[in-house]
Amino acid sequence: MRKASYYDKLQRWGYVFILPTLVFFSIFLIFPMLDSFRLSLFKWSLIGPKTFVGFKNFLKLFKGGRFQNSYLVTLHFTFLSVIIITFISFWLSVALTSRLIRFRNVLQSMIFLPVVLSMVAIAIVWQFMFQTTGLLSVIFVNIFGLNISWLTSTRTAPYSMVIVNVWRYTGYYMVMFIAGLLDIPQAYYEAARIDGAGFWGRLIYITIPSLKNTLVLVFVSCVIFSFGTFALQFVMTEGGPSRSTEVLSLLIYKEAFQYTKFGYSAAISVIYFITLLIFSVTQLRIFKSGTI
Amino acid sequence: MGISNRAKIRMIKIALYITLIVIGLVFIFPFIWMVLSSFKLNKDVLSIPIKIFPPTWNFKSYYDAFHYSDYDFPRYFLNSFIVAIFAVLLCLFLSITAGYGFAKYKFKGNNLLFTIVLSTILIPFQAIIVPLFILVRKLGMQNSYLGLIIPEGLTAFGVFLMRQFFYSVPDEVIESARIDGANELCIFWKISLPMAKTAVFALTIFHAQWVWNLLVWPLIVISTPEMRTLPQAIALFSGVYFTPYPEQLAISVGACLPTLILFLVLSKNFVQGITLTGLKR
């Protein structure tokens, strides 16, 4: 009896260990999150008076073309990035883990390289390559005969952003897939081979089902990353031309810190947050498989 | 049949190698171009016909980039290092202690509190920059290292990762240390912490990289030139239309070097880290 109570007392040490995190997280993550809901109901320029406007900011959002444009631009960017990155990184990981390939580490490191570079530096380099006399433009003119205005046309600029994003993150997800692939017991494949399963058979019946958890993880994390893109657009286009690359984070930043509409910007943040929340929750519901 | 099958495999092998090598080159080429172009003269960077290698090597671009009158890049490097080091230390301190507390103690509310902490993973940084800025301003941390370090040092993922790791430390080890009379802090410091080295390492690498790259927060919090971080300064520097190209590229190469060196030295840990830190912002 006495021993149990001593043991119970010991367990209270847990509070001591988690206290710093609780304090910091409450003040700097949870409170701001809740505060953004409150702020979204006000009209405020930070210096002047704060006036309560109810849901007017949200009404303005849904009426205003600028927000809708940003939302669609972000969805477009996210959708394309996720599809392309998942596709390429999956096939690269399958190719690199194939028994036919040696020098896996060298090839893997080459593809992984962009992941470790500074995002702003990447944006600057690609900005140069996208110039009219830049490397990529010249290559396209000479090889394909295509004269593409990468960053100055509203039709192509969003795709240019996707290209850079894919280049940046493919290696990251490829490594995640490779880790998942190496976890699949070789015995499965041996057995399938004995049963006469070909490459596609093994892929469909063994590889893809075994990779389910990895796929969900790649998918969710890629959506969250891409949805929050900021540096690329900020450095390369500042949202232009004609707002065709003005993603949500950029709009949140501009509305608050350039136009000093803090309440309006908070309203955008709220929509941003709710979108990702709905996405994450449905994802985890659909694939509830013990990944997290 | 046997021979043709072998020939087929060989063909596949060759095709696979060619594809992979081409893709690999595509992935490293922009970086190589960046390094080479940083040594070119201004007129050669975007000249036609294209010059891959610098016709005349211009080493002055690096010197110039670090001796600009309006941009004190050595200072920005220092700022970025200070912020990265302390933000990572804060992140490690919080993640390790909380992860250990949640994993090894059965106190009331453990699950509930952990769920609350973990759910902050769903709060995207971009979605709280406005209220966070207002808070930081109220606390008088605007335009200070502290205002950068604290918000950049928090990640629920670290807590999650460390908790998973401490689960693998056997309870018996802790119990026997208790019987020997060791107090809780001593057990944590001397026994449990050394076992979590791999996870600590992975978390360090990834968080350092995230902090080193972060652009949006410094843009908001920092208002005077001498407090700028590197990404912020580079973005401003390249936004000015008369900045010479080689200088822009030279400073970009400089910004890539710390993480690149980290990668070259610890590439195994990088890969290990990704598999551990599957879901990082």
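Going down the list, the sequences are from chains A and B. Start counting the first sequence at 1; every next residue gets the next number (this note's numbering). Start counting the second sequence at 1001; every next residue gets the next number (this note's numbering). Backbone N, C-alpha and C define an ideal beta-carbon position, used for all residues, glycine too.
Taking a Cβ-Cβ threshold of 8 Å, none of the residues of chain B is close to A/L61; the smallest such distance is about 14 Å. Fewer than three pairs of CB atoms, one per stretch, sit closer than 8 Å, so the segment 1134-1143 of chain B makes no contact with the segment 1109-1126 of chain B. With contacts defined as CB atoms closer than 7 Å, A/S81 and A/M174 fail to qualify as a contacting pair. Identification of chain B residues near A/A95 by a Cβ-Cβ cut-off of 7 Å yields L1016 and L1020, ordered along the chain.
About 6 Å separates the beta carbons of A/M161 and A/Q233, which is inside the 8 Å limit, making them a contact pair. Going by C-alpha positions, A/Q131 is about 30 Å away from A/Y259. Against chain B, a Cβ distance below 7 Å from A/Q11 picks out Y1105, K1106 and F1107.
Annotation for A/A197: no alpha helix (DSSP H) segment contains it, and DSSP assigns it neither H nor E.
Listed along chain B are A1098, L1113, I1116 and V1117, each with a C-beta nearer than 9 Å to that of A/L22. Of the residues assessed, A/T282 falls on the exposed side of the cut-off, its CB having fewer than 16 other CB atoms within 10 angstroms.
Taking the CA atoms as reference points, A/Q68 sits about 15 Å from A/T78. Chain B places a beta carbon closer than 7 Å to that of A/T133, counting this residue as a contact. DSSP, reduced to helix, strand and coil, places A/K43 within a strand of the structure shown. When DSSP states are grouped into helix, strand and coil, A/T245 belongs to the coil group. Using a Cβ-Cβ cut-off of 7 Å, B/A1235 counts as an interface residue toward chain A, since at least one Cβ of chain A sits closer than that to its own. The beta carbon of A/A267 does not come within 7 Å of any beta carbon belonging to chain B, so the residue lies off that interface. In the DSSP assignment, A/T51 forms a beta bridge with A/K43. Around the Cβ of A/R12, a 10 Å sphere holds fewer than 16 other Cβ atoms; the residue is exposed.
Taking a Cβ-Cβ cut-off of 7 Å, B/I1149 has no neighbours in chain A, whose nearest Cβ is about 11 Å from it. Residue contact with chain B for A/S70: absent (no Cβ-Cβ distance below 7 Å to any residue of chain B).
Not a single C-beta of chain B is nearer than 7 Å to the C-beta of A/V164. The segment 242-249 of chain A makes no contact with the segment 1093-1100 of chain B, as fewer than three CB pairs between them are under 8 Å.
Within a 10 Å sphere around the beta-carbon of B/P1131 sit 16 or more other beta-carbons, which makes this residue buried.
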